[in-house]
Amino acid sequence: MTSPSYGSTLPWAEPSWYTGRPSPYYKESHRRLRDAVRKWCDEHIAPYTDEWVEAGAVPPSVYHECAKAGLLVPIASGKAIPKEWSHYPIIAGIKPEEWDGFHDFVLWDELIRGGGAASLFIGLTVGAPPLLKFANKKLQNKFFPEILSGEKRICLAVTEPAAGSDVRNITTTAERTSDGKHYIVNGEKKWITNGMFSDYFMTAVRTGGPGAEGISMLLIPRSEGLRTRPLPVITGPLSATTYVTFEDVKVPVEYLIGQEGHGFRQTMVNFNHERLWVAFQAIRGCRIALHDAFQWALKREAFDKKLIEQPVVRNKFANAGRQVEALQAWTEQIVYELEHLSDADGARLLGGTTALLKVEAGMVCKYVAEECLKIMGGLGLTKTGQGARIEAFYRSVPSFTVPGGSEDVLLDLGVREALKLHRQAEKAQSKL
Ligand SMILES: Cc1cc2nc3c(=O)[nH]c(=O)nc-3n(C[C@H](O)[C@H](O)[C@H](O)COP(=O)(O)OP(=O)(O)OC[C@H]3O[C@@H](n4cnc5c(N)ncnc54)[C@H](O)[C@@H]3O)c2cc1C
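Take 1 as the starting number for the sequence shown in the UniProt record's numbering and just add one per residue.
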């Protein structure tokens, strides 16, 4: 028995389980979440997105509405919501113990479909997990109430002007004061998403000597000596990409995340969810583009035929559709594995795989954006009207291929990690 289809019935515009086909992964709470997020975005976000883009920012009151609607708690936690957070609202009335990685996927899928709100949560998505995974309870109890209520916002500050892919070489320093009570932070961070409106900066700093072992993670509140300025990027202003300068910023030593010297490892673990999350966004971006291109191809006539009647056009849809469905299936497989592995095993086994998944997501986006843009003709280059979402998606493709790990770097990482696992397995077998 299948349930009725939900959303658009155009080919590949929705995941196959939306069309009522069976799936081992999704249950009633996933459907409930999907419906609630879609309804909420349609009411609160989609009608205002153009206005916000024009104004260059989303009004702060919208973030408070997001908190009230129960969006911040699941976004801050990703795949598992701590039981202690049960007093905060969670969208669709999902209970913390019900929440799993597929809820995370569904939530992001619908947020991306829903318009301009998604860019508000990027800092929270990548900046909150180190606090949740690696900080002590005292720090969590101090900062999470403000973060989860929407009163304060957080972002992740790792990249510097001279160290991006090469995180080991960051130079922002955090030196202890002679009384041992504070760190004094000096340095610069570049391309920090949501930095302009953040109150807390989850920052990779150098507390020790050169290399990975000298790096720590420090939660730095916006305070004297911390300055931010906007950095305009290709995808527009809503994600508030920022240049951050630290000049003798005084930070209590208690704001260290975990132990000194653990910051590099914490950054790498954090990347795994970030890369999976990029795939979530890429898939819905592709589906939106396919939806709009199909609508156009079914009505536009050229050379006395509808575009869809041209085999060349159908060939583009076929190639796009098969790639999006393969990406969806691989993503679901990884979400399932993460759900059933311990955190430690997930990080050990899936670091390379999530790196390659992110690369694949970027490559599928490149193909789909390019082909859908061509199907739209001049409309695909036009910022308003029927091609507007495809024009915006085409522009956003580099944001799938560079941030969170550049394509070339991740391809190489994927192979090195796969070989590491092979050698570990070979060693284990030889002991049998
Ligand atoms: C819009 C946007 C948002 C971002 N948001 C954040 C954020 O919130 N927080 C944050 O900390 N950072 C953020 N970043 C930074 C992002 O993670 C880095 O830009 C990215 O890691 C690449 O680093 P880089 O720009 O210094 O490029 P580089 O490291 O200088 O690399 C440039 C290019 O050289 C090549 N290359 C480099 N090393 C290798 C190698 N080992 N093997 C093969 N090829 C290689 C690759 O082609 C790579 O693209 C953001 C960036 C952008 C553009």
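The beta carbon of each residue, even a glycine, is placed where N, CA and C say it ideally should be.
The structure presented is a predicted model; accordingly, all values stated were derived computationally and were not measured.
- Annotation: P15 to Y183 spans about 49 Å, alpha carbon to alpha carbon.
- Excluding residues up to 5 positions away in sequence, V278, A282, A361, G362, C365 lie with their Cβ nearer than 7 Å to the Cβ of F400 in the same chain.
- A distance criterion of 7 Å places the beta-carbon of P237 beyond contact range of ligand 1, judged by its closest non-hydrogen atom.
- T203 sits close to A157, with the two beta carbons spaced by under 8 Å.
- Counting along the chain, S216 sits inside the beta strand (DSSP E) bounded by residues 215–221.
- E407 is the residue among E407, Y63, A92 whose C-alpha sits nearest the C-alpha of G352.
- Between I91 and A69, the C-beta gap is smaller than 8 Å, which places the two residues in contact.
- Only residues of its own chain outside the window of five on either side were considered, and among them W12, A13, E14, V324 have a CB closer than 7 Å to the CB of R287, listed in chain order.
- In the DSSP assignment, G351 falls within the alpha helix (DSSP H) that extends over 343–376.
- Taking C-beta atoms as the reference points, H103 and P74 count as a pair closer than 8 Å.
- CA-to-CA, the gap between K358 and S178 works out to about 44 Å.
- By the Cβ neighbour-count rule, A329 is exposed, with fewer than 16 other Cβ atoms within 10 Å of its own.
- Here A204 is bridged, per DSSP, to M217.
- Distance from P230 to M268 at the Cβ level is roughly 29 Å; contact not present, criterion being Cβ atoms closer than 8 Å.
- Between the segment 240–253 and the segment 187–195, the count of C-beta pairs closer than 8 Å reaches three or more; the two stretches touch.
- In this structure, the straight-line span from the alpha carbon of K374 to that of F264 is close to 43 Å.
- Here the distance from the Cβ of L226 to the nearest heavy atom of ligand 1 is not below 7 Å.
- Setting aside the 5 residues that flank it on each side, D109 is surrounded in the same chain by P15, R34, F280, I283, R284, each with a C-beta closer than 8 Å to its C-beta; the list follows chain order.
- Beta-bridge partners of V397 (DSSP): none assigned.
- Judged by the Cβ position, L156 qualifies as a neighbour of ligand 1 at the 7 Å threshold, a heavy atom of the ligand being closer than this.
- In this structure, the beta-carbon distance from L72 to G150 falls below 8 Å.
- The straight-line gap separating the alpha-carbon atoms of L410 and I122 is approximately 20 Å.
- In the DSSP assignment, I184 forms a beta bridge with E175, K250.
- As computed with DSSP, I257 is found in a beta bridge with M217.
- One thing to note: Q140 has its Cβ within 8 Å of the Cβ of L132.
- In the DSSP assignment, R284 falls within the unbroken alpha helix (DSSP H) covering 263–299.
- For A355, the closest alpha carbon among the candidates I334, A369, E371 is that of I334.
- Counting of Cβ neighbours within 10 angstroms places A344 among the exposed residues, the total staying below 16.
- Within the DSSP secondary-structure output, E160 pairs in a beta bridge with A163.
- Taking a 10 Å sphere around the C-beta of F303, we find fewer than 16 other C-beta atoms and assign the residue as exposed.
- Under a 10 Å Cβ-count criterion, A318 is classified as exposed, with fewer than 16 other Cβ atoms of the shown protein chains found around its own Cβ.
- Taking a C-beta distance under 8 Å as the contact criterion, I215 and I154 do not qualify as a contact pair.
- Here the segment 243–263 lies against the segment 210–224, with 3 or more beta-carbon pairs under 8 Å apart.
- In the three-state DSSP reduction, W191 falls in the strand class (E or B).
- Taking all protein chains shown into account, T331 has 16 or more neighbouring C-beta atoms within 10 Å of its C-beta and is therefore buried.
- Spatial neighbours of T172 in its own chain (CB-CB distance under 8 Å, excluding positions within 5 residues in sequence) are listed in chain order as E160, V185, N186, G187, E188, K189, T203, A204, V205, R206, F246.
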